[in-house]
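*Asks:*
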Amino acid sequence: MNENQCVGIIGCGNMGLAIAHRLTFSGFTVLMGSRNPDIRQHVNFEITSIMDCINRSSIIFIATHAEHYTNTLISPLEHNPTLFDEKILIDVSNQLDRRPDEDEVSNAERLQIAIPNAYVVKAFNTISSFVMESTTAGEPRSVPVASNHSLARDKVIMLAREMNFDSYNGGSLRTARHLENYTRSLFPLWKKPLIIAIVVICIWLTYTLYMKFISTKTTSWNQLFLHMTNKTLCTSAITMLALVYMPSNLACIFQLAYRNKERRFPIWLDTWLISRKQLGLLTFAIALFHVLITLVLMSPAYYTTWFHPVIITLPSNKNETKIIVQNSLMTWKGELASSMGILTLLSMSLLALASIPALANLLNWREWRFIQSKIGTFTLLCAIGHVFAMATPRWIELGFVKSLTSVGFLCVFFPLITILMRFLFWLPCFSRPIRRIRRGENSKTSSLSIL
Numbered sequence: 024m025n026e027n028q029c030v031g032i033i034g035c036g037n038m039g040l041a042i043a044h045r046l047t048f049s050g051f052t053v054l055m056g057s058r059n060p061d062i063r064q065h066v067n068f069e070i071t072s073i074m075d076c077i078n079r080s081s082i083i084f085i086a087t088h089a090e091h092y093t094n095t096l097i098s099p100l101e102h103n104p105t106l107f108d109e110k111i112l113i114d115v116s117n118q119l120d121r122r123p124d125e126d127e128v129s130n131a132e133r134l135q136i137a138i139p140n141a142y143v144v145k146a147f148n149t150i151s152s153f154v155m156e157s158t159t160a161g162e163p164r165s166v167p168v169a170s171n172h173s174l175a176r177d178k179v180i181m182l183a184r185e186m187n188f189d190s191y192n193g194g195s196l197r198t199a200r201h202l203e204n205y206t207r208s209l210f211p212l213w214k215k216p217l218i219i220a221i222v223v224i225c226i227w228l229t230y231t232l233y234m235k236f237i238s239t240k241t242t243s244w245n246q247l248f249l250h251m252t253n254k255t256l257c258t259s260a261i262t263m264l265a266l267v268y269m270p271s272n273l274a275c276i277f278q279l280a281y282r283n284k285e286r287r288f289p290i291w292l293d294t295w296l297i298s299r300k301q302l303g304l305l306t307f308a309i310a311l312f313h314v315l316i317t318l319v320l321m322s323p324a325y326y327t328t329w330f331h332p333v334i335i336t337l338p339s340n341k342n343e344t345k346i347i348v349q350n351s352l353m354t355w356k357g358e359l360a361s362s363m364g365i366l367t368l369l370s371m372s373l374l375a376l377a378s379i380p381a382l383a384n385l386l387n388w389r390e391w392r393f394i395q396s397k398i399g400t401f402t403l404l405c406a407i408g409h410v411f412a413m414a415t416p417r418w419i420e421l422g423f424v425k426s427l428t429s430v431g432f433l434c435v436f437f438p439l440i441t442i443l444m445r446f447l448f449w450l451p452c453f454s455r456p457i458r459r460i461r462r463g464e465n466s467k468t469s470s471l472s473i474l
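Using my numbering, read the sequence shown as starting at 24 and increasing by one per residue.
(1) State the Cα-Cα distance for the pair Leu474 and Trp295, rounded to the nearest angstrom.
(2) Can you check which of these residues, Ala146, Tyr205, Asn204 and Ala199, is closest to Met186 by C-alpha distance?
(3) Run through the segment 222-279 for me and flag every whole alpha helix (DSSP H) of 4 or more residues, listed as ranges in chain order.
(4) Tell me, please, which residues DSSP counts as bridged to Ile219.
(5) Of all the options Met74, Gly194, Ser152 and Trp355, which has the alpha carbon lying nearest to the alpha carbon of Arg58?
(6) Considering only the beta carbon of each residue, do Ala381 and Gln395 sit closer than 8 Å?
(7) Looking at the structure shown, is Leu318 part of a helix, part of a strand, or coil, going by DSSP?
(8) Unbroken alpha helix (DSSP H) runs of length 4 or more, entirely within the segment 381-422: which are they?
(9) Pairing CB atoms from the segment 259-270 with CB atoms from the segment 398-408, are three or more of them under 8 Å?
(10) Buried or exposed: where does Ala199 fall if 16 or more other Cβ atoms within 10 Å of its Cβ makes it buried?
(11) Restricting to Cα atoms, I'd like to know which of Thr258, Leu209 and Tyr205 is closest to Tyr230.
(12) Put Thr71 into one of helix, strand or coil per three-state DSSP.
(13) Can you list, in chain order, the residues of its chain whose CB lies under 6 Å from that of Val314, leaving out five sequence neighbours each side?
(14) Counting only runs that start and end within the segment 119-185, where is the beta strand (DSSP E) found for 3 or more residues in a row?
(15) So, are the CB atoms of Leu134 and Leu112 less than 8 Å apart?
(16) Based on Cα-Cα distance, which residue from Asn117, Leu273 and Thr242 lies nearest to Thr206?
(17) How is Tyr325 classed by DSSP in three states: helix, strand or coil?
(18) Could you tell me the distance, in whole angstroms, from the CA atom of Leu471 to the CA atom of Arg459?
(19) Are Ser152 and Met38 close, meaning C-beta to C-beta below 8 Å?
(20) Please classify Glu132 as buried or exposed, where buried requires at least 16 neighbouring CB atoms within 10 angstroms.
(21) Which of helix, strand or coil does DSSP assign to Ser57?
(22) Between Leu311, Phe107 and Lys425, which lies nearest to Ile136 when the distance is taken from Cα to Cα?
(23) Return the CA-CA distance between Lys284 and Arg455, expressed in angstroms with no decimal places.
(24) Ends of the alpha helix (DSSP H) at Leu296?
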């Protein structure tokens with residue numbers, strides 16, 4: 024669009040001034056409309072009355088609260104019904120007091136009903152005034168643009184791109200309901216994964232406390248805050264990691280049973296699949312916390328079986344002072360467990376980095392799938408190896424029956440089932456039918472009849 028074109032802004036608050044700064048920085052001429060232009064003078068922008076701003080501008084940002092629409096926009100129509108004819112009104116407002124219902128009419132729709140001759144466009148309501156004004160706030164933010172008028176929507180999309188925003192077609196003005204609802208939500212995709220993580224941690228904390236303080240009574244309460252917490256984090260991390268990769272196994276089972284890809288998964292499985300990214304990031308946070316506590320506690324006093332014992336003999340017939348330096352090397356168990364833990368953390372870090380949108384966009388589909396699938400499986404395998412390295416000597420010592428109730432065996436049981444199922448579905452007898460189903464082919468092979 025023409026950068027010399029005058030863009031109007033009704034409202035001189037934080038958002039209005041931020042939009043004016045961004046437009047001026049992008050090379051546009053800005054005209055701001057205010058109810059009190061005499062006391063709103065600004066050095067960089069021309070501030071005039073609302074009526075003058077509307078008359079002189081063809082594209083107008085409405086940077087006022089929705090409750091002021093009647094006084095500032097709708098009332099002047101009584102004296103001049105053609106005031107907004109073919110004007111593009113960009114509504115940037117949001118609901119203030121509460122989160123609206125999905126079927127409730129949005130502010131933009133109300134504005135379009137009140138001013139039918141105008142082209143109302145919903146955009147920029149997902150951008151804060153800080154991001155709008157700052158030119159160093161990171162990579163370009165996404166701006167959905169919604170309107171019932173395609174030409175007006177296309178003009179606003181081009182305007183947003185010239186303002187260095189990644190704008191795209193957001194559909195009809197009905198989409199404004201979702202856009203306004205989105206700004207009132209607080210991490211909607213994180214609620215269920217966070218609840219799952221808390222439940223997993225609480226279960227393992229309860230069982231660990233029972234085993235260490237009630238069943239065997241081998242641990243002092245002084246070690247509750249770090250040592251017991253670390254054991255809980257270890258078991259929780261590997262359980263959460265298995266929860267990330269189990270739903271894909273269940274999806275394979277359902278697809279083989281349905282024999283097509285069109286039939287929807289159950290709601291619980293669909294929600295589980297959508298939550299895998301959040302579950303994975305929470306798993307990474309728990310594992311990182313576990314590693315940090317382990318580094319703090321790394322000593323023969325806490326990890327006795329990780330280090331060779333040092334025996335010091337002092338002759339009783341000598342009355343002199345000696346300085347004795349203890350040099351204790353790691354055992355095979357300590358080195359193997361440490362190496363498996365390091366590999367798990369490194370590969371998990373790669374998975375976390377690949378989940379960042381800016382980095383994920385640099386990968387093609389095959390690269391992204393290789394990282395999330397193959398390296399993810401390797402991560403789970405290393406985590407299982409870490410637990411086996413730590414717990415196997417203890418299992419041999421306890422015997423088969425008692426080892427079944429140990430923390431180490433119980434925490435690795437679910438991950439083992441998960442990894443075995445992944446290997447099972449990689450076999451040609453399963454992978455080929457699944458591939459055909461996902462391609463939309465109607466397979467008649469007998470391998471489908473096994474379920």
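From the three backbone atoms N, C-alpha and C, an ideal C-beta is built for every residue, glycine too. What you are looking at is a predicted structure, and each value in this text was computed from that prediction instead of being measured.
*Replies:* So, to answer that:
(1) If you number the sequence shown from 1, residue 474 lands on position 451. If you number the sequence shown from 1, residue 295 lands on position 272. Low per-residue confidence applies at Leu474: pLDDT is 44, beneath 50, and the placement is therefore not dependable, though the value from the model is reported in the following sentence. Between the alpha carbons of Leu474 and Trp295 lies a distance of about 23 Å.
(2) Counted from its first residue, the sequence shown places residue 186 at position 163. Cα-wise, what sits closest to Met186 is Ala146.
(3) none
(4) Taking the first residue of the sequence shown as position 1, residue 219 is located at position 196. Ile219 pairs with nothing; no bridge assigned.
(5) For the purposes of this step, residue 58 is taken as the residue at position 35 of the sequence shown. Nearest of Met74, Gly194, Ser152 and Trp355 to Arg58, Cα basis: Met74.
(6) Residue mapping note: residue 381 aligns to position 358 of the sequence shown, counting from 1. Residue mapping note: residue 395 aligns to position 372 of the sequence shown, counting from 1. It is not a contact, given that the beta carbons lie outside the stated cut-off.
(7) By one-based count along the sequence shown, residue 318 stands at place 295. If DSSP states are grouped into helix, strand and coil, Leu318 belongs with the helices.
(8) 388-392 and 399-421
(9) yes
(10) For the purposes of this step, residue 199 is identified with residue 176 of the sequence shown, where counting begins at 1. Classification of Ala199: buried, given that the 10 Å Cβ count is 16 or more.
(11) Your numbering for residue 230 matches position 207 in the sequence shown. Minimum Cα distance to Tyr230 is reached at Thr258.
(12) Here residue 71 corresponds to residue number 48 of the sequence shown, with the count starting at 1. For Thr71, the secondary structure class from DSSP, reduced to helix, strand or coil, is strand.
(13) Sequence index remark: in the sequence shown, residue 314 carries index 291 (1-based). Setting aside the 5 residues that flank it on each side, Val314 is surrounded in the same chain by Leu368, each with a C-beta closer than 6 Å to its C-beta; the list follows chain order.
(14) 142-145 and 165-170
(15) Along the sequence shown, read from residue 1 onward, the residue named residue 134 stands at position 111. Along the sequence shown, read from residue 1 onward, the residue named residue 112 stands at position 89. Contact: yes.
(16) As a working mapping, residue 206 is identified with position 183 in the sequence shown. Taking only the C-alpha atoms, the option nearest Thr206 is Asn117.
(17) One-based indexing of the sequence shown puts residue 325 at position 302. DSSP places Tyr325 in coil when its eight states are reduced to three.
(18) In the sequence shown, the residue the question calls residue 471 occupies position 448. In the sequence shown, the residue the question calls residue 459 occupies position 436. The predicted model places Leu471 with a pLDDT of 42, which falls under 50 and marks its position as unreliable, so this point remains unresolved.
(19) The count along the sequence shown starts at 1 and reaches residue 152 at position 129. The count along the sequence shown starts at 1 and reaches residue 38 at position 15. Yes, they are a contact pair.
(20) The count along the sequence shown starts at 1 and reaches residue 132 at position 109. Glu132 comes out buried.
(21) Position 34 of the sequence shown holds residue 57. Three-state DSSP puts Ser57 in a strand.
(22) As a working note, residue 136 is residue 113 in the sequence shown. Nearest C-alpha to Ile136: Phe107.
(23) Here residue 284 refers to the residue found at position 261 of the sequence shown. Here residue 455 refers to the residue found at position 432 of the sequence shown. Between Lys284 and Arg455, the C-alpha separation is close to 14 Å.
(24) Residue numbering aside, residue 296 sits at position 273 when the sequence shown is read from its first letter. Run containing Leu296: Ile290 to Ile297, per the alpha helix (DSSP H) assignment.
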